[in-house]
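Structure record follows, encoded as structure tokens.
2 protein chains.
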Amino acid sequence: MEYHDQLGLSRQAFDELSEHLQVDSYEGREYRHLPGYRKSVEKGTVLVCGTVVRGFPKVPRCLVLDEGIPQHFDAAVAVEEKLNGYNVRVAKIDGEVLGFTRSGIVCPFTTHKVRSMLPVESFFEAHPEIMLCGEMIGPENPYTPADCYTVDSIAFRAFDIRKQASGKPFGVETRREICTEWEIPQTKLFGIYEPPEAVESTPEIIRELDAGRREGIVMQTVDGGQQLKYTTSAANQGDLAFAFEFPFDYGRDFSFRRLIREGFQSVEFDESEARQRERAHGLGESLLLPMTDSIERIQDGERIGQQHTVRAEPRVVDRLLEHFREQGLTIDIEGDRRVDGERVLTFTKQIQRTNDKVQTYLDGTIVRE
Amino acid sequence: MEYHDQLGLSRQAFDELSEHLQVDSYEGREYRHLPGYRKSVEKGTVLVCGTVVRGFPKVPRCLVLDEGIPQHFDAAVAVEEKLNGYNVRVAKIDGEVLGFTRSGIVCPFTTHKVRSMLPVESFFEAHPEIMLCGEMIGPENPYTPADCYTVDSIAFRAFDIRKQASGKPFGVETRREICTEWEIPQTKLFGIYEPPEAVESTPEIIRELDAGRREGIVMQTVDGGQQLKYTTSAANQGDLAFAFEFPFDYGRDFSFRRLIREGFQSVEFDESEARQRERAHGLGESLLLPMTDSIERIQDGERIGQQHTVRAEPRVVDRLLEHFREQGLTIDIEGDRRVDGERVLTFTKQIQRTNDKVQTYLDGTIVRE
Numbered sequence: 003m004e005y006h007d008q009l010g011l012s013r014q015a016f017d018e019l020s021e022h023l024q025v026d027s028y029e030g031r032e033y034r035h036l037p038g039y040r041k042s043v044e045k046g047t048v049l050v051c052g053t054v055v056r057g058f059p060k061v062p063r064c065l066v067l068d069e070g071i072p073q074h075f076d077a078a079v080a081v082e083e084k085l086n087g088y089n090v091r092v093a094k095i096d097g098e099v100l101g102f103t104r105s106g107i108v109c110p111f112t113t114h115k116v117r118s119m120l121p122v123e124s125f126f127e128a129h130p131e132i133m134l135c136g137e138m139i140g141p142e143n144p145y146t147p148a149d150c151y152t153v154d155s156i157a158f159r160a161f162d163i164r165k166q167a168s169g170k171p172f173g174v175e176t177r178r179e180i181c182t183e184w185e186i187p188q189t190k191l192f193g194i195y196e197p198p199e200a201v202e203s204t205p206e207i208i209r210e211l212d213a214g215r216r217e218g219i220v221m222q223t224v225d226g227g228q229q230l231k232y233t234t235s236a237a238n239q240g241d242l243a244f245a246f247e248f249p250f251d252y253g254r255d256f257s258f259r260r261l262i263r264e265g266f267q268s269v270e271f272d273e274s275e276a277r278q279r280e281r282a283h284g285l286g287e288s289l290l291l292p293m294t295d296s297i298e299r300i301q302d303g304e305r306i307g308q309q310h311t312v313r314a315e316p317r318v319v320d321r322l323l324e325h326f327r328e329q330g331l332t333i334d335i336e337g338d339r340r341v342d343g344e345r346v347l348t349f350t351k352q353i354q355r356t357n358d359k360v361q362t363y364l365d366g367t368i369v370r371e
Numbered sequence: 003m004e005y006h007d008q009l010g011l012s013r014q015a016f017d018e019l020s021e022h023l024q025v026d027s028y029e030g031r032e033y034r035h036l037p038g039y040r041k042s043v044e045k046g047t048v049l050v051c052g053t054v055v056r057g058f059p060k061v062p063r064c065l066v067l068d069e070g071i072p073q074h075f076d077a078a079v080a081v082e083e084k085l086n087g088y089n090v091r092v093a094k095i096d097g098e099v100l101g102f103t104r105s106g107i108v109c110p111f112t113t114h115k116v117r118s119m120l121p122v123e124s125f126f127e128a129h130p131e132i133m134l135c136g137e138m139i140g141p142e143n144p145y146t147p148a149d150c151y152t153v154d155s156i157a158f159r160a161f162d163i164r165k166q167a168s169g170k171p172f173g174v175e176t177r178r179e180i181c182t183e184w185e186i187p188q189t190k191l192f193g194i195y196e197p198p199e200a201v202e203s204t205p206e207i208i209r210e211l212d213a214g215r216r217e218g219i220v221m222q223t224v225d226g227g228q229q230l231k232y233t234t235s236a237a238n239q240g241d242l243a244f245a246f247e248f249p250f251d252y253g254r255d256f257s258f259r260r261l262i263r264e265g266f267q268s269v270e271f272d273e274s275e276a277r278q279r280e281r282a283h284g285l286g287e288s289l290l291l292p293m294t295d296s297i298e299r300i301q302d303g304e305r306i307g308q309q310h311t312v313r314a315e316p317r318v319v320d321r322l323l324e325h326f327r328e329q330g331l332t333i334d335i336e337g338d339r340r341v342d343g344e345r346v347l348t349f350t351k352q353i354q355r356t357n358d359k360v361q362t363y364l365d366g367t368i369v370r371e
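Chains R and H, in that order, are what the protein sequence lines are.
With the working numbering as the guide, the letters of the first sequence map in order to residues 3 to 371.
With the working numbering as the guide, the letters of the second sequence map in order to residues 3 to 371.
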């Protein structure tokens, strides 16, 4: 079956899409992936060895649970935790299990981790032609580290099982049963609710997650066909703090959207004036303090960047560094030690614009706006 | 002298510029003005009755006084207060004194006010072919009201005198003497300093202005040839509060720039952790509280807009309302009374996007970002 058939596209539509595909390779195996959003096919879709690995669909969001849930769902919804890590799809391609990041790149580190942490051989033998979708979470993480989970280094949590080529999801209950059967750790299920119950239950779930500095929820029909997400204030403010640590490297739309979410949540949660001020203060701190910290560090002659720590067999860490170099990233090694035969590497991904712009303004450069 | 000669442009450059000019009229007199920024000529430049009224130049800004002042100036600088109102140029055209807003529109209200508040006849007789530039400030103001000045209704403060056609400024001292002579109220002069003294003195001036919730300073060489501005935290946060009252009507760049200014100021002023948190809290409040207030009002069925009050002879207020309608603005009258023969009108300028977008999200509409 040709790619365009697997993707459900006409030959012409596929040819148009092809112009946007990026060619990459992993261990000598060439593949093409779609790094950005297009109308016809999900971002992150991969074409490799004659097969398609569909991109994970973008989950839409509501700003108000009360109206958003009944607007979006007219049958029972499963409410599961949305985790703050990086999205990975695990699939078996031509006899080899690979881990794909959101944008469709085969990550050697992720590939190694999923192979060693999950029962991939027996799982894919029983379920060929599917992809296991989940979040890689924890503090030792080369993309999106987070400290809010009881994870020492890095862990996988399944949140979807889909047909590899079509992206069609398994139902929530089937997926959870399969994961239980194979002892694949999965994201928490809070419950399955009729829409009015979901409206009633979700604010309390969000408050609890917020108290634990966790990210939010994904709601979906039990067949997995329709999804909707909603995030905590901790996630919104955490993202803002991250963006304002590197203010000139992050889109203004990125920050604006998160500010807006805070406004709608504050109104929907019917906050007292005191609680609202508390939220405002948290918001202000998440914007100002990371920014002043970065400005001060640059003023002191430091070059700032995104720091990460990873822990794995030495050859896997080597391969990750090589992979980053192939991606065009510049990496500075901050710490490098061995623990129980594993290499624990702390490194910084260099960023450019914030360092340059802040330095320019500190030097007295004039702003013509 | 033809327009292109007065503007110092080739005929071809003038023809190119002409495509961007907007035609308008005032009391039957047609004029053209440049509503946006172009490379060749200042925004707000007006062509009327064969003469040019130059746009007021955009004043560049520094984010750090310490380095910005010596970078920008190598001779004495006059430090004057930057006022928070609306920029107006007063010029006598073909025997008639007119008030132009920043974008080059003849405003009937402003024209009336400057004619009645300032000794325009004798002034322009003594100084033909110049324009008097200043800020209209105070709470009863159809564009940018502010409560921080000891002004009951509206007042004019001169901050520049320039050649009408070339825009060439008078020196600061000459300008201040002329204003004193004609009893034209003018913006406060803090002093004339050598650059190192200015670096030392301006932070304290900014702190004082900030305590009074005032806007900032304009620094310039004594010949008026080079200008530089710097604003208080009160101004930055006030602008953010204004923008987040109408979050979907204001540019994201507008807000981002003001957040960045807060970061640099906090670092330059070497704030204690407590003071920095205080600034962060003010920042958060200026973003969140106006936004939640607007969301709540829209939720309650209100349509929000920008409220203004003006006070003038009834025919002048009528003319202002007509002017707004000609500009395509929709005005709702909120209050209308007579006081001592004057009409005191409170009105709201309707805004569209924030009302529509907020209502959409309150209705549960999904966000696909």
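The C-beta atom is built at its ideal place from N, Cα and C for all residues, glycine as well.
On a predicted model such as this, the values are computed, not experimentally measured, just so you know.
Distance cutoff 7 Å, beta carbons only. Does residue i sit that close to anything in chain H?
i: R:R254; result: yes
i: R:G49; result: Before going on, a small fix: residue 49 of chain R reads as Leu here, not Gly. False, the Cβ-Cβ gap to chain H never drops below 7 Å.
i: R:I300; result: no
i: R:V66; result: yes
i: R:T239; result: At residue 239 of chain R the sequence reads Gln, which differs from the Thr that was named. It does not: the Cβ of R:Q239 has no partner Cβ on chain H nearer than 7 Å.
i: R:Q166; result: no
i: R:R366; result: Looking at the sequence shown, residue 366 of chain R is not Arg but Gly. So yes, R:G366 belongs to the interface.
Cβ atoms of residue j and residue i: under 7 Å apart, would you say?
i: H:T204; j: H:E82; result: no
i: R:Y5; j: R:L49; result: yes
i: H:H325; j: H:P147; result: no
i: H:G284; j: H:Q239; result: yes
i: R:E298; j: H:V108; result: no
i: H:R260; j: H:D272; result: no
i: H:L11; j: H:L23; result: no
i: H:R104; j: H:M133; result: no
i: R:Y402; j: R:L67; result: Nothing can be reported for residue 402 of chain R: it is not among the residues displayed for chain R, which extend from 3 to 371.
i: H:A157; j: H:I139; result: yes
i: H:D212; j: H:A236; result: yes
i: H:N357; j: H:E217; result: no
i: R:V312; j: R:P187; result: no
Is there a C-beta anywhere in chain R that falls below 7 Å from the one on residue i?
i: H:P62; result: yes
i: H:T294; result: yes
i: H:H283; result: yes
i: H:L36; result: no
i: H:Y363; result: yes
i: H:G227; result: no
i: H:G286; result: yes
i: H:Q73; result: yes
i: H:S42; result: no
i: H:G70; result: yes
i: H:S274; result: no
i: H:V1; result: The displayed coordinates of chain H run from 3 to 371. Any statement about residue 1 of chain H would go beyond what the structure contains.
i: H:V201; result: no
Please name the residue in the options whose C-alpha comes closest to that of residue i.
i: R:G30; options: R:D334, R:Q8 and R:E98; result: R:E98
i: H:R345; options: H:E264, H:G284, H:L323 and H:R355; result: H:L323
i: R:G106; options: R:Y33, R:N143, R:R117 and R:E131; result: R:Y33
i: H:R277; options: H:R40, H:F125 and H:R209; result: H:R209
i: H:I368; options: R:P62, R:G193 and R:F248; result: R:P62
i: H:G169; options: H:A282, H:P292, H:K60 and H:R355; result: H:K60
i: R:D162; options: R:Q229, R:D149 and R:T113; result: R:Q229
How would you label residue i, buried or exposed, when you count the other beta carbons within 10 angstroms and need 16 or more for buried?
i: R:V341; result: exposed
i: H:K94; result: buried
i: H:M3; result: exposed
i: R:L65; result: buried
i: R:S27; result: exposed
i: R:I219; result: buried
i: R:G337; result: exposed
So is the beta-carbon of residue i under 6 Å away from any non-hydrogen atom of the ligand SAM?
i: R:E82; result: Annotation note on the ligand SAM: not contained in the displayed structure, which lists no ligands.
- prompt: Touching or not, the stretch 73-89 of chain H and the stretch 9-22 of chain H, by the rule of three or more beta carbon pairs under 8 Å?
  reply: no
- prompt: If you pair each beta-carbon of the stretch 344-353 of chain R with each one of the stretch 54-65 of chain H, do three or more pairs fall below 8 Å?
  reply: no
message: Quick check: the stretch 254-264 of chain R against the stretch 205-225 of chain R, are at least 3 beta-carbon pairs closer than 8 Å?
response: no
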